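Heads up, this note's numbering is the position in the sequence shown plus 15, with the first residue counted as 1. Working notes, beginning with the structure itself.
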Amino acid sequence: VGGYVLLSRDAGDVTEELHLFDVSSVPVPASAPWNHEVGAVASGLAADLTASYGFVATGNSSKELVVVDLARFAAGQNPEVASYDTTTGAGRGVTYSISHDRVFLLTNKAFIVIKPG
C-alpha cells in the first residue's frame, strides 16, 4: 500500500510482530524493515487505500485492535495512534471499508463494527 508492505507474524522472542518494508524502489532491496511490538500475535492486517493507517487484529488482552500510522512507522516513531479493547476475546481478523468508513473486527466470540474516531 503506497510503496510499503505491512506484514505480521506470531508473537515470539526473536523479533516484533509488525514489520513495515519500503518497496517503493524495488528491485533495489530496502536496507531493513521497521519493526513494532504489539505484545501478542498479530493475526490480521488491513490498511486504508490512502496508505495512511494500518489496522491490526491482535491477541493482546488489552488491545485486540491496534491502529498504526504508517508515516510515523516509516519515520521510526511509535506508530500506535489508537487501540480498542474488547470483552469478546482475541482479535482474529480485521478489514477496513473506505466506502463505509468502518473497521470490521473479528474476535473469538464476536464480529464488531467500529467507526474510526
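The beta-carbon is built from N, C-alpha and C at its ideal position, and this holds for glycine as well. Bear in mind that the values here come from a model prediction, so they are computed numbers and not experimental data.
Taking a cut-off of 8 Å for Cβ pairs, the segment 98-117 and the segment 70-89 touch, as three or more such pairs fall below it. With contacts defined as CB atoms closer than 7 Å, LEU85 and ALA66 qualify as a contacting pair.
Assignment of beta-bridge partners to ARG107 by DSSP yields no partner.
Annotation: SER39 to TYR68 spans about 17 Å, alpha carbon to alpha carbon. By the CB criterion at 7 Å, VAL96 and VAL82 fall inside the cutoff.
Where ALA57 is concerned, the enclosing beta strand (DSSP E) starts and stops at 57-62. Listed in chain order, the beta strand (DSSP E) runs fully inside the segment 64-132 are 68-73, 80-84, 95-99, 106-112, 117-122, 126-129, counting runs of at least 3 residues.
Going by C-alpha positions, HIS34 is about 5 Å away from LEU22.
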